[in-house]
Every structure is written in structure tokens, then in C-alpha cells.
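The structure appears below as C-alpha cells.
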Amino acid sequence: MYNFLGSLVSYFNIPTLLVVISVFLGAVYLLCRDRTRWPPGPRPLPFIGNGLLLTNNRYMYKTFTELAAKYGEIFHLKIGPSWHSVVLTGHDIIREAFVDKGEYFNNRPNFMKIVKYFGDGKGITMQNGPHWLALRRFALASMRDFGVGKARMEEKIQEELNVVISVIDKTNGKPFSPPKLFENAVANIICQIIFGRRFQYDDVKFQRLLERFDFILDNSGPKNDGWNWLPPSVLLTCVPVVRKIVEAFEDITTFVREEIVDHRDTFDEGNIRDFIAIYLKTEKEGDNTGAHTDENLFQTIVDLFIAGTETTSMTIRWALLYFVLHPDVQTKCRAEIAEVIGQGRLPSLKDKGTIPYTEAGILEVQRLACVAPTALVHTVREPITLRGYHLPKDTFVHANVYQSHMDPKTWKDPFAFNPDRWLDETNKLKNNPAFMPFGVGCRVCLGEVLAKTELFLFITTLLQKFEFRMVDPDHPPSMDGEQGLTRSPEPFQIIADRV
């Protein structure tokens with residue numbers, strides 16, 4: 001090497017050599033540079049791009065909203081040396097991309113370089129192509145078969161609610177923290193669908209499972225995009241949280257695979273009791289899609305568990321927080337429930353449409369809580385032009401749902417908790433296209449129907465049975481939600497008094 005350099009120096013004088021090197025590097029740059037006309041955005045740094053803007057940002061939804069105010073409805077971020085992302089702000093452009101042009105924007109990225117630890121593109125959430133579509137249709141049909149959105153599932157939810165009521169009763173008017181209770185309850189409902197059974201709240205394996213999911217979800221989301229482009233060896237060696245995420249996922253893998261083995265050993269074609277059983281039945285009978293593999297079964301279970309647990313339990317936590325901070329709204333909802341339903345029975349899905357103010361309160365919680373403020377990232381499947389910008393294949397696409405829920409052009413006094421905004425002059429609920437708590441398009445949340453059912457039954461039952469109040473009204477908790485994969489309220493305690 002040194003002989004080669006010496007030969008160059010002896011052949012050229014140093015100034016000439018510098019000119020040759022400069023011309024060579026300039027030619028390489030011109031040949032290799034990205035000629036795509038990207039939307040405007042913050043200037044990227046060499047090599048790392050806008051990575052510092054994203055890494056460990058607990059309030060990414062605020063950052064996206066601030067950048068949108070500066071750069072417009074579509075702006076560009078560079079991630080690492082070669083990845084590109086655009087952020088869409090405003091419900092019109094989000095719906096144009098994900099609904100009107102959905103066939104171009106419906107892919108998911110292979111965004112984790114260590115993706116082999118997280119399903120390797122299997123299952124429903126992160127898979128693309130015909131297997132994704134086949135599994136999604138199968139999962140939705142299976143959940144309908146098990147009564148999601150119907151009386152059968154309502155009974156299971158009410159049974160779990162009776163346990164929740166019992167646990168709250170035992171607090172005897174003393175302060176308690178809501179997160180774990182409602183995570184237990186909501187997770188048990190999806191466990192009955194997937195595994196065919198519920199768990200006691202103090203079950204060690206159940207709690208371990210929830211803790212591992214919590215850790216992964218809390219440390220996931222767009223805040224990780226700043227380093228996701230790094231090679232796996234670097235991530236595992238230099239980013240401690242990645243090692244911990246991998247360890248957590250290995251624990252989840254052990255739990256789920258044990259359940260699958262147990263179901264295979266006890267499979268009875270005449271007793272299809274849960275999602276795993278119906279999957280095994282379909283696998284045994286054979287299907288023409290090729291989607292029903294062991295790896296797809298495992299990852300689909302993980303996807304269903306997250307879709308059926310995280311957003312719902314998080315929204316219930318936000319609901320309690322908003323209701324204790326707005327006792328006038330809580331009182332009005334309770335009065336409506338008492339007048340229409342009374343205390344003699346638990347609320348039912350048949351009551352939907354009869355308690356409009358309470359239902360408006362639930363919608364307002366979903367709008368303000370915005371538990372999926374930037375949604376799950378999409379990628380461009382084929383090159384497409386959006387609002388005059390050419391987006392190449394594999395461009396990351398983030399939807400700034402938070403801004404749509406808080407846009408003053410759409411919502412009067414958007415940061416106010418006001419259920420009346422959802423009611424028309426005849427006291428009927430009205431829709432708003434800017435409201436998209438479950439996303440839009442063909443990648444809409446898999447657990448949407450179940451979540452709507454749970455939110456209605458949980459929140460109406462809690463307001464029917466209890467009056468909730470702050471422990472210290474003079475020092476309310478912050479309403480700045482922190483963002484992992486979802487947006488969560490900061491820890492708080494409340495007091496529940498039986499009505």
C-alpha cells in the first residue's frame with residue numbers, strides 16, 4: 001500500500017495528485033448522489049442524516065408537528081447514510097396516500113436491521129404481499145367467529161369487568177394506580193381469544209409476559225429510527241436497549257411457543273376453542289395461500305396480542321385521567337348512564353346509541369389521548385408521486401395523526417376536553433374525517449372492532465359503578481404523554497368511590 005502511494009507521489013507532484021483525487025471523488029459523488037427531488041426538511045448531517053433528531057425522542061409527535069409548521073404538509077428526513085422518510089401532516093394528505101393511493105403505500109419496512117428477532121417479516125403487522133393479506137383476512141374472520149363485536153364477546157368482557165370491579169372495591173377509597181389493573185384485564189380478553197383461557201392477575205408467567213411486552217413497546221417506535229440503519233453487530237454491541245429488547249422478545253417467544261406446542265398436543269378437531277386451534281385446523285386441512293406456517297402462526301399471535309391489548313388499555317388510562325380532571329363531564333356521563341341504563345345491570349352493546357354524551361366523551365378521549373400519534377410506519381411499494389414529489393420505492397412514510405387530532409383548522413379550541421363537539425343539533429354523534437385513532441386504509445388497526453367494544457363497555461361500566469377523583473387536585477399530573485410505540489400518560493394515582 002505504501003509503495004503504491006509512493007509511486008503515485010513520485011509520478012505526480014503533490015498539487016497535481018490532490019487535483020486528481022478531488023476530481024475522482026467529485027465524479028464518484030456526482031455518480032452516486034441522490035438525485036431524487038425530496039420534499040423540504042431539516043438539513044441532514046453527513047453519514048447520520050437526521051438521526052440525532054429522532055434518537056431517544058420521547059415526544060416525536062411534537063417534533064413532527066413543529067417540523068410540519070416549518071416545512072409543510074409533507075417533509076423529508078434522512079436516516080443514516082441512505083434511508084429516507086417523509087412525514088405526512090393533515091388528514092387530507094394522509095387519506096390521499098393511505099386510502100386513495102393505498103396500493104402504493106401499504107407496505108411495511110424491514111426497518112430493524114435485527115428484524116430476524118422480531119418476526120423476520122412474518123405475521124400480519126410487518127409482512128407484505130399475498131401472505132399478509134391472507135393472514136389478515138384469516139385473523140379478522142377468526143375473531144368474528146369467536147364473537148368479536150357480538151354478544152359472545154360481550155359476555156367475556158363483562159366477566160372480566162366483574163373482576164375489575166372487585167379489585168377496585170378492595171381499594172376501599174384509597175389511592176391506586178390504574179395501569180397494571182387495566183392491562184391485566186384487557187390482556188386477559190385477548191388471551192381468551194388466542195389461547196382459550198384467562199389468567200389470574202397474580203400469575204407469574206402472565207405478569208412476566210406483560211412486563212416483556214411493556215418493555216418492548218415502550219422502547220419501540222419512530223424514536224429508534226435514528227439508529228435502526230446500523231448493522232446488527234453494532235446495534236447489539238453498542239446500543240444496550242437493543243440487547244434488552246432481544247432478551248425480552250426471547251422470553252415472549254418461549255411463552256408463545258409453549259402454548260403452541262400444548263395446543264398441538266391436545267388438538268381436538270371437534271373442539272375448536274381459540275385462535276390457535278382454528279389456525280392448526282386450517283394448517284392441517286391445507287390452504288392454497290401457503291400462508292399458514294409455524295413462523296406465521298407465532299408472529300400472528302404476537303401481532304394479535306399487541307393489537308388487542310396496548311392501545312385499548314392505554315386509552316382506558318387516558319380516559320380515567322381526563323374524567324378525574326374534568327369532574328363536570330364525568331358527572332354528566334354518569335347521570336346519563338343512570339337515567340338510561342340504571343344500576344341493575346352492566347352496560348351492554350345494545351346501549352350504544354342511547355347514551356350519546358357518554359359516547360362523545362369516549363371519542364373525545366380518543367382524540368386527545370391519540371395513543372398512536374405517528375401510527376406505524378409504512379413504506380412505498382412502488383415509485384409514486386404525491387403532491388408533486390416523487391417518492392422512490394422503500395421510502396418510509398409516517399402519518400402525523402397527532403396533528404390531525406389537534407389541528408385548530410379542524411377543531412375549535414383543540415386542546416380543550418369537550419365531548420359536545422361530537423354532537424349535532426339533534427344530539428346525535430357526528431363524524432370527522434380528521435379523526436383516525438385506528439389509522440386509515442388497508443393497514444387499519446387489526447384490533448379496531450374489539451377495541452371499540454372494550455372501550456365502550458369498560459368506560460361506561462367504570463362510570464356507572466364508581467366516582468373517580470384526584471388524590472391531590474392541587475397537583476394534577478402532566479398531560480404530556482410520552483411516546484414509545486404508543487403514547488402513554490405519565491404515572492398517576494386516583495381514588496374510586498362506589499356510587
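If you're matching positions, the sequence shown starts at 1 in the working numbering and goes up one per residue.
Glycine included, each C-beta is placed from N, C-alpha and C at the ideal position.
Could you give the distance in angstroms between the alpha-carbon of residue i and the alpha-carbon of residue j?
| i | j | result |
| --- | --- | --- |
| ASP274 | THR282 | 13 Å |
| PHE298 | ILE157 | 25 Å |
| THR374 | ALA451 | 19 Å |
| LEU485 | PRO408 | 25 Å |
| GLN379 | PRO489 | For the sequence presented, residue 379 should be read as Thr rather than Gln. Looking at the two C-alpha atoms, the distance is approximately 29 Å. |
| THR354 | LEU52 | 50 Å |
| PHE176 | ILE495 | 6 Å |
| ALA372 | GLU183 | 17 Å |
| ALA27 | PRO44 | A caution first: ALA27 carries a pLDDT of 41, below 50, which makes its placement in the model unreliable, though a value can still be read off. Rounded to the nearest angstrom, the two C-alpha atoms are 22 Å apart. |
| PHE492 | PRO477 | 6 Å |
| PRO231 | GLY80 | 11 Å |
| ASP262 | GLU269 | 15 Å |
| CYS32 | LEU455 | Annotation note: pLDDT 46 at CYS32 (below 50); position unreliable, coordinate value reported separately. Their Cα atoms are separated by approximately 52 Å. |
| HIS91 | ARG443 | 16 Å |
| LEU25 | PHE47 | Any reading at LEU25 must be qualified, since the residue scores a pLDDT of 46, below 50, and its modelled position is unreliable; the value itself is stated next. About 16 Å. |
| ARG197 | ILE189 | 9 Å |
| PHE323 | MET314 | 14 Å |
| GLU96 | THR89 | 11 Å |
| GLY147 | GLN192 | 11 Å |
| GLU247 | VAL329 | 44 Å |
| MET143 | ALA277 | 12 Å |
| ASP497 | GLY173 | 6 Å |
| SER82 | ILE245 | 25 Å |
| ASN162 | LEU429 | 29 Å |
| HIS292 | MET470 | 49 Å |
| PHE305 | ILE194 | 8 Å |
| SER166 | THR426 | 38 Å |
| ARG136 | GLY102 | 16 Å |
| GLY72 | ILE316 | 33 Å |
Between which two residues does the beta strand (DSSP E) containing residue i stretch?
| i | result |
| --- | --- |
| ASP394 | Careful: ASP394 lies outside any beta strand (DSSP E) and carries neither H nor E. |
| THR89 | 83-89 |
| ASP497 | 494-498 |
| LYS78 | 74-79 |
| MET470 | 466-470 |
| ILE384 | 384-386 |
For residue i, report the span of its alpha helix (DSSP H) as first-last.
| i | result |
| --- | --- |
| MET314 | 294-325 |
| GLU425 | Where GLU425 is concerned, there is no enclosing alpha helix (DSSP H), given that its DSSP letter is neither H nor E. |
| TRP38 | Careful: TRP38 lies outside any alpha helix (DSSP H) and carries neither H nor E. |
| VAL504 | Given a span of 1 to 499 for the chain in the structure shown, any question on residue 504 remains unanswerable. |
| GLN207 | 204-218 |
| GLY342 | It is not in any alpha helix (DSSP H) - GLY342 carries neither H nor E in the DSSP assignment. |
| ALA277 | 275-285 |
| PRO130 | 129-145 |
| LYS156 | 151-169 |
| ASN228 | Careful: ASN228 lies outside any alpha helix (DSSP H) and carries neither H nor E. |
Let me confirm a value: residue i is counted as buried when at least 16 other C-beta atoms fall within 10 Å, else exposed. Which label applies?
| i | result |
| --- | --- |
| GLY342 | exposed |
| ASP169 | exposed |
| PRO222 | buried |
| ASN296 | buried |
| ALA399 | buried |
| ASN224 | buried |
| GLY286 | exposed |
| ALA139 | buried |
| THR358 | buried |
| ARG264 | exposed |
Return yes when the C-beta of residue i is under 7 Å from any heavy atom of the ligand NAD, and no when it is not.
| i | result |
| --- | --- |
| ILE337 | By its list of ligands, the structure shown contains no ligand whatsoever, and the ligand NAD lies outside what it can speak to. |
Short check: CB of residue i to CB of residue j, under 8 Å?
| i | j | result |
| --- | --- | --- |
| ASP294 | ILE124 | no |
| THR63 | GLN403 | no |
| VAL241 | ASN271 | no |
| VAL186 | THR312 | yes |
| LEU320 | PHE468 | yes |
| VAL308 | GLY447 | In the sequence as presented, Val is not what sits at residue 308; that position holds Gly. Yes, they are a contact pair. |
| GLN366 | PRO437 | yes |
| THR460 | PRO347 | yes |
| ILE93 | ARG387 | yes |
| PHE75 | GLY41 | yes |
Notebook entry, point to check: Hey, is the region 199-212 in contact with the region 232-243, meaning 3+ C-beta pairs nearer than 8 Å?
Noted result: The region 199-212 makes no contact with the region 232-243: fewer than 3 CB pairs, one atom from each, lie closer than 8 Å.
Margin query: Could you check whether the region 409-425 touches the region 56-66, counting it as contact only if at least three pairs of C-beta atoms, one from each stretch, sit closer than 8 Å?
Written below: Here the region 409-425 makes no contact with the region 56-66; the two share fewer than three CB pairs at distances below 8 Å.
Next item on the list: Say whether the region 415-424 touches the region 130-142, bearing in mind that this needs 3 or more beta-carbon pairs closer than 8 Å, one atom from each stretch.
Entry: No, the region 415-424 does not touch the region 130-142.
Checklist line | Segment contact, 8 Å Cβ cut-off, at least three pairs: the region 89-107 with the region 379-396 | finding: As far as the Cβ criterion goes, the region 89-107 touches the region 379-396, which means the pair count is three or higher.
Next item on the list: Decide if the region 143-159 is in contact with the region 199-208; the criterion is three or more beta carbon pairs, one per stretch, under 8 Å apart.
Entry: By the Cβ criterion, the region 143-159 is not in contact with the region 199-208, since fewer than three pairs of Cβ atoms, one from each stretch, lie closer than 8 Å.
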